[in-house]
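Trainee: Residue numbers are given in our numbering: position 19 of the sequence shown equals residue 19, and the series is strictly consecutive. There's a structure below that I have some questions on.
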Amino acid sequence: MTTIDIASAACTVLAPGDDGWDEARGTFNLLDDQRPELIALPRDTAEVVEAVALARRAGLRVAAQGTGHGASSRDTLAGALLVNTSRMLDVEIDHAERRVRVGAAAKWEHVAPMLSERGLAGLHGSSLDVGIAGYSMGGGIGWLTRRHGLQTNAVRAIELVTAEGEVVRADAEHHDDLFWALRGGGGNFGVVTAIEFDVVAVPELTAGSFFFPVDRTADVLRTWTRLLPTFPEELTTWVTVIHFPPTPEIPEVVRGRSFAIVMAAHLGSEAEARRLLRPLEALGPSMDTLGMQEPIALGTLAMDPESPLPYRSTTALVDDLPDATIDAVAELAGTGGSLAMLQIRHIGGAFGRRPADAGARATLPGEILVFGLGVPMDAESGAAVARGLAALDDVLAPHLVGEYPNFVEHPVDASRFFDDATWARLRAVKATWDPGDRVLGNHHVPPAAAHAAA
Ligand SMILES: Cc1cc2nc3c(=O)[nH]c(=O)nc-3n(C[C@H](O)[C@H](O)[C@H](O)COP(=O)(O)OP(=O)(O)OC[C@H]3O[C@@H](n4cnc5c(N)ncnc54)[C@H](O)[C@@H]3O)c2cc1C
1 MTTIDIASAA CTVLAPGDDG WDEARGTFNL LDDQRPELIA LPRDTAEVVE
51 AVALARRAGL RVAAQGTGHG ASSRDTLAGA LLVNTSRMLD VEIDHAERRV
101 RVGAAAKWEH VAPMLSERGL AGLHGSSLDV GIAGYSMGGG IGWLTRRHGL
151 QTNAVRAIEL VTAEGEVVRA DAEHHDDLFW ALRGGGGNFG VVTAIEFDVV
201 AVPELTAGSF FFPVDRTADV LRTWTRLLPT FPEELTTWVT VIHFPPTPEI
251 PEVVRGRSFA IVMAAHLGSE AEARRLLRPL EALGPSMDTL GMQEPIALGT
301 LAMDPESPLP YRSTTALVDD LPDATIDAVA ELAGTGGSLA MLQIRHIGGA
351 FGRRPADAGA RATLPGEILV FGLGVPMDAE SGAAVARGLA ALDDVLAPHL
401 VGEYPNFVEH PVDASRFFDD ATWARLRAVK ATWDPGDRVL GNHHVPPAAA
451 HAAA
């Protein structure tokens, strides 16, 4: 590597061993062990320009991260400078226009409470701890997607520093090729400094869960899958099998216990939600928390982990879960030996509707999304988790219709997420804006071959 004077950079830059190095390279998945050459910690766009220039001088590629929630799907950071944007947390909310502008590292938790106070919500996912940047550029799906579509379709502008160090605003009027690619093509086109997006009104919300003992999983899933065709887009339901650890931070009522939980969010009255869910209620949940809520309740409904943990996961978009598949899934999820959590989300509705001005990832196929997660604590449990996840893949394979990139948490050939025309266009846009392939996004898009670096 070229020797480079990092002290002269007009931006905080860390080298291995510096104070703060391990925190700055950290990720949500404790199994990730990112080892970039340098880490820049810019506070604003000018400092991002400095960081990109420093990388160029040092002959390093550039990778960006806000929260580290999506780091597992990126290739090695050897030979790269990591731009850790965690200091770029500006938030501006225009309630009247229902428009939000955030800095590169803002999380949903930085906007959702203020929106909720005014009866508004962003199209966030299951956890408010997730960063808006990576979530939005990879798609972004949550409780409101069946009704309002993917978050990436709500994005109105993205500002970034390109591989050449140029500050660019991409929106419907400026650089429409780049704007198209950023909405689904991920962080492959530069270091994003700000994002603007629309949010939605939530005048009425019913949310909550029915908890069942884990040995009822197959019954619950059978009843649930039969009901799905009857559910309007205003109702989103997930079935989550969770084995809560016996640790003190877990609420006592569920600590150390295992449940099959029907989680529901309904953009309407409680009476109507209960009418739609009646066959599930008739199964006799041991706990029922369904009730009228403020929009902020959608940020905790799924009970996602809030602190980093070691995990491996798998995912699938499927068109159906027939009874035999349900039995196999329930068996795998129920034992708790390998899968700590299995989440089965109803999708459909606006997941499948492409807006006229959409980007590279406007829709997702299928009726159901499955996400399984195991927590390896040692070699033995690691092997059990690997076996459990592989078995889940096998069970779902006959029904597979696609994969959702933000849930694929290991490096893969990203062409599998797109049809041929979209992939070719993404690579062409990459060749225009980063012909030397200096920007390393998660789920990497290489530049079109004719332009690629030798
Ligand atoms: C607990 C948990 C719950 C989740 N729930 C959901 C959910 O319900 N729905 C859903 O859709 N997804 C969900 N996800 C997946 C999440 O959307 C992805 O992990 C996403 O990549 C996280 O984005 P981030 O910015 O927080 O993460 P980061 O790791 O900071 O970023 C992820 C990637 O985005 C790109 N990126 C980030 N910042 C920049 C930048 N400034 N410039 C250029 N590129 C950048 C980079 O390629 C980076 O590798 C969840 C993840 C976790 C861990």
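Note that the Cβ used here is the ideal one computed from N, Cα and C, for glycine as well.
To which residues does DSSP link Met137 through a beta bridge?
Mentor: For the purposes of this step, residue 137 is taken as residue 137 along the sequence shown, with counting starting at 1. Its beta-bridge partners do not exist; DSSP assigns none.
Trainee: How long is the line joining the alpha carbons of Gly208 and Trp238, rounded to whole angstroms?
Mentor: Taking the first residue of the sequence shown as position 1, residue 208 is located at position 208. Taking the first residue of the sequence shown as position 1, residue 238 is located at position 238. Their backbone Cα atoms lie some 11 Å apart in a straight line.
Trainee: Compare the beta carbon distance of Leu332 and Leu369 with 8 Å and say whether it is the shorter of the two.
Mentor: Reading the sequence shown from its first residue, position 332 is the one you call residue 332. Reading the sequence shown from its first residue, position 369 is the one you call residue 369. Cβ distance not < 8 Å, so Leu332 and Leu369 don't count as in contact.
Trainee: How many angstroms separate the CA atom of Cys11 from the CA atom of Glu23?
Mentor: For the purposes of this step, residue 11 is identified with residue 11 of the sequence shown, where counting begins at 1. For the purposes of this step, residue 23 is identified with residue 23 of the sequence shown, where counting begins at 1. Computed Cα separation, rounded: 17 Å.
Trainee: Select from Asp32, Thr145 and Val214 the residue whose C-alpha is nearest the C-alpha of His243.
Mentor: Against the sequence shown, residue 243 aligns to sequence position 243. Nearest option by C-alpha distance: Val214.
Trainee: Hey, Leu205 and Pro295: beta-carbon distance below 8 Å or not?
Mentor: Taking the sequence shown and counting its residues from 1, one reaches residue 205 at position 205. Taking the sequence shown and counting its residues from 1, one reaches residue 295 at position 295. Against a cut-off of 8 Å, the Cβ pair of Pro295 and Leu205 comes out as a contact.
Trainee: Should Ala104 be listed as close to ligand 2, given that the test is whether its C-beta is under 7 Å from any heavy atom?
Mentor: No copy of ligand 2 appears in this structure; the ligands present are ligand 1.
Trainee: Once DSSP output is grouped into helix, strand and coil, what is the label at Arg61?
Mentor: In the sequence shown, counting from the first residue as 1, residue 61 sits at position 61. In the structure shown, Arg61 sits in a strand (DSSP, three-state: E or B).
Trainee: Looking at Thr315: is its Cβ nearer than 8 Å to the Cβ of Val408?
Mentor: The sequence position of residue 315 within the sequence shown is 315, counting from 1. The sequence position of residue 408 within the sequence shown is 408, counting from 1. Yes, these two residues count as a Cβ contact at 8 Å.
Trainee: In angstroms, rounded to a whole number, what distance separates the CA positions of Asp393 and Arg118?
Mentor: One-based indexing of the sequence shown puts residue 393 at position 393. One-based indexing of the sequence shown puts residue 118 at position 118. Cα to Cα, the separation comes out at about 42 Å.
Trainee: So, for Ala452: in the same chain, excluding its five sequence neighbours on each side, which residues have a beta-carbon less than 7 Å away from its beta-carbon?
Mentor: As a working note, residue 452 is residue 452 in the sequence shown. Because the pLDDT of Ala452 is 46, which lies under 50, any placement of that residue in the model is unreliable, and the number read from its coordinates should be weighed accordingly. Closer than 7 Å at the Cβ level, and outside the excluded window around Ala452, lie Asp437 and Pro446.
Trainee: With a threshold of 7 Å, establish whether the CB of Ala340 neighbours any heavy atom of ligand 1.
Mentor: In the sequence shown, the residue the question calls residue 340 occupies position 340. Ala340: no, Cβ never under 7 Å from ligand 1.
Trainee: My guess is that Leu455 and Arg98 are in contact by the Cβ rule of under 8 Å, so how many angstroms apart are they, rounded?
Mentor: Nothing about residue 455 can be reported from this structure: the residues present for the chain run from 1 to 454 only.
Trainee: I'd like to know if the stretch 175-188 and the stretch 272-289 are in contact, where contact means that at least 3 CB-CB pairs between them fall below 8 Å.
Mentor: No, they do not touch.
Trainee: Are there three or more Cβ pairs, one per stretch, closer than 8 Å when the stretch 14-21 is compared with the stretch 299-314?
Mentor: No, because fewer than three Cβ pairs between the stretch 14-21 and the stretch 299-314 fall closer than 8 Å, the two stretches do not touch.
Trainee: Between the Cα of Glu92 and those of Ala106, Ala15 and Ala80, spot the shortest distance and give me the residue it belongs to.
Mentor: Along the sequence shown, one-based indexing puts residue 92 at 92. That would be Ala106, whose Cα lies nearest to the Cα of Glu92.
Trainee: Roughly how many whole angstroms lie between the Cα atoms of Val100 and Ala282?
Mentor: For the purposes of this step, residue 100 is taken as residue 100 along the sequence shown, with counting starting at 1. For the purposes of this step, residue 282 is taken as residue 282 along the sequence shown, with counting starting at 1. When rounded, the distance between both Cα atoms is 42 Å.
Trainee: By the 10 Å Cβ neighbour count, where 16 or more other Cβ atoms means buried, how is Asp320 classified, buried or exposed?
Mentor: On the sequence shown, residue 320 is found 320 positions in, with the first residue counted as 1. So Asp320 ends up on the exposed side.
Trainee: List the residues that DSSP assigns as beta-bridge partners of Ser313.
Mentor: One-based indexing of the sequence shown puts residue 313 at position 313. According to DSSP, Ser313 bridges with Leu373.
Trainee: Going by the CB atoms, is the gap between Ala362 and Asn153 shorter than 8 Å?
Mentor: Counted from its first residue, the sequence shown places residue 153 at position 153. Counted from its first residue, the sequence shown places residue 362 at position 362. It is a contact, given that the beta carbons lie within the stated cut-off.
Trainee: Roughly how many whole angstroms lie between the Cα atoms of Ile132 and Trp108?
Mentor: Along the sequence shown, read from residue 1 onward, the residue named residue 132 stands at position 132. Along the sequence shown, read from residue 1 onward, the residue named residue 108 stands at position 108. Their backbone Cα atoms lie some 6 Å apart in a straight line.
Trainee: Could you please give the first and the last residue of the uninterrupted beta strand (DSSP E) stretch that includes Trp238?
Mentor: What you label residue 238 is simply residue 238 of the sequence shown in a count that begins at 1. Unbroken beta strand (DSSP E) run through Trp238: Leu235 to His243.
Trainee: Taking 7 Å as the limit between beta carbons, can you name the residues of its chain near Met263, skipping five residues before and five after?
Mentor: Stepping through the sequence shown from its first residue, residue 263 is reached at position 263. Answer for Met263: Ser209, Thr237, Trp238, Thr240, Leu301 and Ala302, listed in chain order.
Trainee: To the nearest angstrom, how far is the alpha carbon of Ala58 from that of Leu298?
Mentor: Walking along the sequence shown from the start, residue 58 turns up at place 58. Walking along the sequence shown from the start, residue 298 turns up at place 298. Approximately 44 Å between the Cα atoms of the pair.
Trainee: Closer than 7 Å by C-beta to Phe371: which residues in its own chain qualify, once you throw out the five before and the five after it? Chain order, please.
Mentor: Position 371 of the sequence shown holds residue 371. Contacts found: Ser313, Thr315, Gln343 and Phe407.
Trainee: Grab me the residues of Ala328's own chain with a C-beta within less than 7 Å of its C-beta, minus the 5 sequence neighbours each way, in chain order.
Mentor: As a first step, residue 328 is located in the sequence shown; it is residue number 328 there, counting from the start. For Ala328, where only same-chain residues beyond five positions count, the Cβ hits under 7 Å are Val395.
Trainee: State the DSSP-derived secondary structure class of Ser73, mapped to helix, strand or coil.
Mentor: The residue labelled residue 73 in the question sits at position 73 within the sequence shown. Correct three-state label for Ser73: helix.
Trainee: Shortest alpha-carbon distance to Leu221 belongs to which of Phe231, Leu120 and Ala260?
Mentor: For the purposes of this step, residue 221 is identified with residue 221 of the sequence shown, where counting begins at 1. Answer by Cα proximity: Ala260.
Trainee: State yes or no: is the C-beta of Asp75 nearer than 7 Å to some heavy atom of ligand 1?
Mentor: Within the sequence shown, residue 75 is the residue found at index 75, counting from 1. Incorrect: Asp75 has no Cβ contact closer than 7 Å to ligand 1.
Trainee: At 3 residues or longer, what runs of the beta strand (DSSP E) sit wholly inside the stretch 146-232?
Mentor: DSSP runs (the beta strand (DSSP E)) wholly in the stretch 146-232: 155-161, 167-171, 191-198 and 206-213.
Trainee: Using a Cβ-Cβ cutoff of less than 6 Å, which residues in the same chain neighbour Arg74 once the five nearest sequence positions on both sides are dropped?
Mentor: Walking along the sequence shown from the start, residue 74 turns up at place 74. Excluding sequence neighbours, Arg74 sits near Asn442.
Trainee: Among Glu159, Gly348, Pro113 and Tyr311, which residue has its Cα nearest to the Cα of His410?
Mentor: The residue you call residue 410 lines up with position 410 of the sequence shown. Selected option, being the one with the closest Cα: Tyr311.
Trainee: Quick one: does the C-beta of Pro295 sit closer than 7 Å to a heavy atom of ligand 1?
Mentor: Stepping through the sequence shown from its first residue, residue 295 is reached at position 295. No, ligand 1 has no heavy atom inside 7 Å of this Cβ.
Trainee: Please report the distance separating the alpha-carbon of Ala53 from that of Ala421.
Mentor: By 1-based counting over the sequence shown, the position of residue 53 is 53. By 1-based counting over the sequence shown, the position of residue 421 is 421. Going by the C-alpha atoms only, they are around 33 Å apart.
Trainee: Tell me Arg101's beta-bridge partners as DSSP assigns them.
Mentor: Working through the sequence shown from its first residue, we reach residue 101 at position 101. Paired residue(s): Glu92 and Glu196.
Trainee: What is the DSSP secondary structure of Gly389, reduced to helix, strand or coil?
Mentor: In the sequence shown, the residue the question calls residue 389 occupies position 389. Reading off the sequence shown, one finds Leu at residue 389, where the question assumed Gly. DSSP places Leu389 in helix when its eight states are reduced to three.
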